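Written below as structure tokens is the structure these notes are about.
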Amino acid sequence: MGRVPAWRRYLRFRGPDPDADVTDEIQFHLEMRARRNEAAGMDPDEAWRAAVERFGDLDTIGGELRDHDRRRERARQRREYMSDFAQDLRYGLRALRRTPAFALVAILTLALGIGATTAIFSVVNAVILRPLPYPDADGLVMVWMDNRRMGMREDIHSWPNYEDLRSQNVVFDRMAFYGFAGFNVTGGCPEESCEPRRIAGAFSSADLFPVLGVAPLLGRTFTDDDATEGNDAVVVLSHRMWASQLGSDPAAVGRTLRLNGRERTVIGVMPPAFAFPAAETDAWIPFVVSPQLREARSSFGFWVIGRLRPGVSLDRAQADMSTIMRRLEEEYPSNRDYGINLVSLPRQVVGPSLRAALWVMLGAVAAVLLIACANVANLMLSRAASREREVGVRLALGAGRARLVRQLLTESVLLAVFGGVVGVALAWAGLRILLGVAPADIPRLDQVAIDPLVLGVTAAITIVTGIAFGLVPALRASRPDLTSALREGGRSDTAGLRGNRLRRLLAAGQVALVVVLLVGAGLLIRSFLELQRVHLGFQPDNLLTMRIALPVARYQQQPQRVAFFESLVERAAAIPGVQGAGAISTIFLTQTPNSTNFTIEGRPRTRDIDNVEVPLDAVTPGYFTTMGIPLRAGRFFTAADDGEAPRVVIINETMARRFWPNEDPIGKRFRYGGEEGNAPWMEIVGVVGDMRRTGYEAPVRYETFQPHAQRPLTALSFVVRTAGNPLTLVQAIHGEVRALDSEQPVYEVASMDQLLAGMVAQRRFTMVLLGAFAGLALVLGVVGVYGVTSYLVAQRTKEVGLRLALGAEPGALVGMVVRQGMLVAAIGIGLGLAGALALTRLMASLLYEVSPTDVATLAAVTVVLAAVTLLANWVPARRAARVDPLVALRAE
Amino acid sequence: MRQDSGDLLQGTLALLILKALLAGPKHGFGVAQWIEDTTADVLRIEEGSLYPALRRVEDRAWVTSEWGLSENNRRAKYYTLTTKGRSHLRSQAAVWLRYAGAVTRVLRAAPALG
Chain A
5 MGRVPAWRRY LRFRGPDPDA DVTDEIQFHL EMRARRNEAA GMDPDEAWRA
55 AVERFGDLDT IGGELRDHDR RRERARQRRE YMSDFAQDLR YGLRALRRTP
105 AFALVAILTL ALGIGATTAI FSVVNAVILR PLPYPDADGL VMVWMDNRRM
155 GMREDIHSWP NYEDLRSQNV VFDRMAFYGF AGFNVTGGCP EESCEPRRIA
205 GAFSSADLFP VLGVAPLLGR TFTDDDATEG NDAVVVLSHR MWASQLGSDP
255 AAVGRTLRLN GRERTVIGVM PPAFAFPAAE TDAWIPFVVS PQLREARSSF
305 GFWVIGRLRP GVSLDRAQAD MSTIMRRLEE EYPSNRDYGI NLVSLPRQVV
355 GPSLRAALWV MLGAVAAVLL IACANVANLM LSRAASRERE VGVRLALGAG
405 RARLVRQLLT ESVLLAVFGG VVGVALAWAG LRILLGVAPA DIPRLDQVAI
455 DPLVLGVTAA ITIVTGIAFG LVPALRASRP DLTSALREGG RSDTAGLRGN
505 RLRRLLAAGQ VALVVVLLVG AGLLIRSFLE LQRVHLGFQP DNLLTMRIAL
555 PVARYQQQPQ RVAFFESLVE RAAAIPGVQG AGAISTIFLT QTPNSTNFTI
605 EGRPRTRDID NVEVPLDAVT PGYFTTMGIP LRAGRFFTAA DDGEAPRVVI
655 INETMARRFW PNEDPIGKRF RYGGEEGNAP WMEIVGVVGD MRRTGYEAPV
705 RYETFQPHAQ RPLTALSFVV RTAGNPLTLV QAIHGEVRAL DSEQPVYEVA
755 SMDQLLAGMV AQRRFTMVLL GAFAGLALVL GVVGVYGVTS YLVAQRTKEV
805 GLRLALGAEP GALVGMVVRQ GMLVAAIGIG LGLAGALALT RLMASLLYEV
855 SPTDVATLAA VTVVLAAVTL LANWVPARRA ARVDPLVALR AE
Chain B
56 MRQDSGDLLQ GTLALLILKA LLAGPKHGFG VAQWIEDTTA DVLRIEEGSL
106 YPALRRVEDR AWVTSEWGLS ENNRRAKYYT LTTKGRSHLR SQAAVWLRYA
156 GAVTRVLRAA PALG
């Protein structure tokens, strides 16, 4: 046996080939056997055949051998790869330790970018991506009434309409109705002397829980029997309620609680995560449909939810339900202009504007990450330039370029991983802060966490980031000019120039991204400011509001209710520091549970009046003055407008202008209800200024007000104007309430400023967040631009020194450098403005009274960025021009 | 060797291969030839099981392989016994011989075979 000569080795140049080797080995064996056979006397053909026959099943054996060898080869390659990788990691770590300043800066920059992205992604994940906690949540659909008369796409139903929809449709598996209720709760708590509490609750049909698909933790939910008169004194509790009120008693089923004065037996407890229809819902009661309600097609008070049949699409369901509604429109004139609007529950919970806001955030942090990557890429380019010698040596010693690039990439991924780890820590801390200041009405915010999915996505982003900023520097570094690199202190000019163009490109890109982010933030800021300037129609400062709901069971007589609130207003007004008190049925309208059409005395029925609905409100005298709403004509209510006196009503300006355009509405009469109605005629005694009843952004509505004495509702919003901070008088007011009725709780206590802030909370939150990211991007971008200019200037130190020595004016040199730098910035700003014009239309739904291409914002951002980049270019330029020419000439 | 297969057979074949390589590296054909010559053709290696067996002993690190040139300048794969293989051979050979010796004694004991 002899060694394989070198030239034969080249036959295996491309690496071991297991298949060919097996063939060779078997071939050799057969040939040896054949020769033996020939030597024993067979002729060549016979010898070969005998050899093959003796060997056995060539195909099977050959296959077996090939499989074995292939597996072994693969294992070997894996091992080699692993050891190469381990070597790369060790090498990378050592290289980073040698340049700690670079490593620190790079890691911190990356941490900021990756951390921000991780934080926002975890919010997006919890709020938008994660499915709702109901089985098959995509099949759950909110069934709204499309109220074309009032332009409301999400209105609620009457019971007869609901029942018709339920029985006539073919697309829903089940449907259920529900509504919101508030309960004064007493009893049941561990100590006997517990405070009466106010909880939010709901009433529902028996099908609600089966529709949602969630089983109770203890006991059971409703059956149809529970919804009959006399059997409905039952209640299902939330987990939270069970824990706080009943002390998590495992034998809670069967105990009783007093809700709104009525004894109810607890029949079930829901599991912890269950909260429908609102996050605050703590108790569910069955609803008994009275015979009158069965006929009341125009009495709207029911929310409806359904579960689609498997395989039925939302579009098909929408078509089917619309058909049914059209039939009902024809059958019952009172249903005219009422349609159906189906919204899937996931889309309902997280509405389009919140989704838009979150996706905008994600885009913003992605931009921040890109800017951070560009900074680190620049840093790596500089570093690569200073390692040219080391790389040159390795190349000269025969290292493969691919291997070198792989090693450099490993280094940058390692850097990214460190940045990612720090980033996750930053994200965790940042989320704690974020969730602390986030508005309460962003759903599912309590579920935001850095869970395995988020970590997985972060890991992927980290690795992609590492490759992104490391690839080009690695490719460049592995291709240096060998001769000049190996020379002492070599730095080739040609390589430098190529790198320069890349740097300038990166800087321009960074500037562009910063522009886009700043424009976005600026638009949101302008929207918010515009919103603040909306005239509300009343004086919001120093107003305390709360709701008081008298239980019908204990206030069955109307005079009782009137007396309670009258006394309360009197007593409250007597408290020192109180400048006025009053009450209204609701301050802000969120739905229209109480709205109706109306008929004007002496006017013929016209279609446009017929289709208009107005809210009915009840106010105590003194409400308007307390709120600071001006009187435009006529008078306010007085104590004389009581239950025995003729019916009176006050309307707002917009309604007066619309329906009594050229005449004085004072003295005119109208009544609620259509032509067939028999509500009493009311005389208009006053016209007040408009109040924005549905928040900043909705248009002004018509408003009608009756005196509380003539419309004694049990639940009112109580308002108090205070001299100082309204929240300091909460205890005093509460004391007066308790003095009148010791079992009466107050709830939803807030100052008007708090309520208004709550209305714009989401907007403010989005604005602040986007502003913060834009600010972060600006800082990173400025650092980037500064870094690039510094580097470029440092490269030309010799040239600058020469020019200075030859008598050039430092000022002119500074000007030259700054001009070149500003050219890059200008390109960046231009690209950024173009990008902003294209992209801001995506956030149009978040803007208020501001165009996505608002010129003022674009101009402001341009100016800011021009100034900032000017500074970032000027500082290094000036430093370079101040250098001693001799030092500059001697420097490398 | 043309009888039933099984672990015993595989182990025995491995043993024979290791012994064959004790004298020095051989290619696969050489191993087969040596066994046939040494047993004076009593044992004829089923060539189909030889090469898989060679792979098996190589997997157990008793044997290494490398490509070389044969006596007539052909490319052939040569197998070499390792230290580990040598000690395995020694211990297993002792076991085998003891076993064979015991069987032989039984068969030779009275009553005698016909």
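Top to bottom, those sequences are chains A and B. Each number in my numbering comes from the position in the first sequence (counting from 1) with 4 added on. Each number in my numbering comes from the position in the second sequence (counting from 1) with 55 added on. Note that the Cβ used here is the ideal one computed from N, Cα and C, for glycine as well. Keep in mind it's a predicted model, so treat the numbers as computed, not measured.
Chain A contact for residue i (CB, 8 Å cutoff)
{"i": "R115(B)", "result": "no"}
{"i": "Y154(B)", "result": "no"}
{"i": "R163(B)", "result": "no"}
{"i": "G140(B)", "result": "no"}
{"i": "Y106(B)", "result": "yes"}
{"i": "A75(B)", "result": "no"}
{"i": "G103(B)", "result": "yes"}
{"i": "A95(B)", "result": "no"}
{"i": "H82(B)", "result": "yes"}
{"i": "A131(B)", "result": "yes"}
{"i": "R110(B)", "result": "yes"}
DSSP beta-bridge partners of residue i
{"i": "S755(A)", "result": "L548(A)"}
{"i": "L221(A)", "result": "L221(A) pairs with nothing; no bridge assigned."}
{"i": "L144(A)", "result": "R311(A)"}
{"i": "H161(A)", "result": "F306(A)"}
{"i": "I654(A)", "result": "G690(A), F709(A)"}
{"i": "A553(A)", "result": "A719(A)"}
{"i": "K81(B)", "result": "Y134(B)"}
{"i": "A587(A)", "result": "F722(A)"}
{"i": "N188(A)", "result": "R202(A)"}
{"i": "S208(A)", "result": "Y182(A), P290(A)"}
{"i": "I111(A)", "result": "According to DSSP, which records beta bridges pairwise, I111(A) is partnered with nothing at all."}
{"i": "A622(A)", "result": "Q710(A)"}
{"i": "V270(A)", "result": "V239(A)"}
{"i": "L93(A)", "result": "For L93(A), which the question treats as bridged, DSSP gives no partner whatsoever."}
Below-8 Å beta-carbon distance, residue i vs any chain B residue
{"i": "G494(A)", "result": "Only weak support exists for where G494(A) lies, its pLDDT of 43 falling under 50; the value from the coordinates is given anyway. G494(A) does not count as touching chain B."}
{"i": "R78(A)", "result": "no"}
{"i": "H72(A)", "result": "yes"}
{"i": "F32(A)", "result": "yes"}
{"i": "R82(A)", "result": "no"}
{"i": "R436(A)", "result": "no"}
{"i": "R37(A)", "result": "yes"}
{"i": "D21(A)", "result": "no"}
Residue i to residue j span [Cα, whole Å]
{"i": "L521(A)", "j": "A840(A)", "result": "8 Å"}
{"i": "T857(A)", "j": "L527(A)", "result": "9 Å"}
{"i": "Y627(A)", "j": "R636(A)", "result": "15 Å"}
{"i": "P276(A)", "j": "G223(A)", "result": "14 Å"}
{"i": "R320(A)", "j": "V175(A)", "result": "8 Å"}
{"i": "I344(A)", "j": "A453(A)", "result": "37 Å"}
{"i": "L717(A)", "j": "G779(A)", "result": "51 Å"}
{"i": "A776(A)", "j": "R157(A)", "result": "35 Å"}
{"i": "V753(A)", "j": "L548(A)", "result": "8 Å"}
Where residue i sits in the DSSP three-state scheme
{"i": "D246(A)", "result": "Rather than Asp, the amino acid found at residue 246(A) in this sequence is Trp. Note: W246(A) maps to helix in three-state DSSP."}
{"i": "W685(A)", "result": "coil"}
{"i": "L413(A)", "result": "helix"}
{"i": "W117(B)", "result": "coil"}
{"i": "L874(A)", "result": "helix"}
{"i": "G343(A)", "result": "strand"}
{"i": "N151(A)", "result": "strand"}
{"i": "V582(A)", "result": "strand"}
{"i": "G355(A)", "result": "coil"}
{"i": "I604(A)", "result": "strand"}
| What residues from the region 41-62 of chain A come within 7 Å of chain B, judged by C-beta to C-beta, listed N to C? | Closer than 7 Å at the C-beta level to chain B, one finds these residues of the region 41-62 of chain A: R58, F59, G60, D61.
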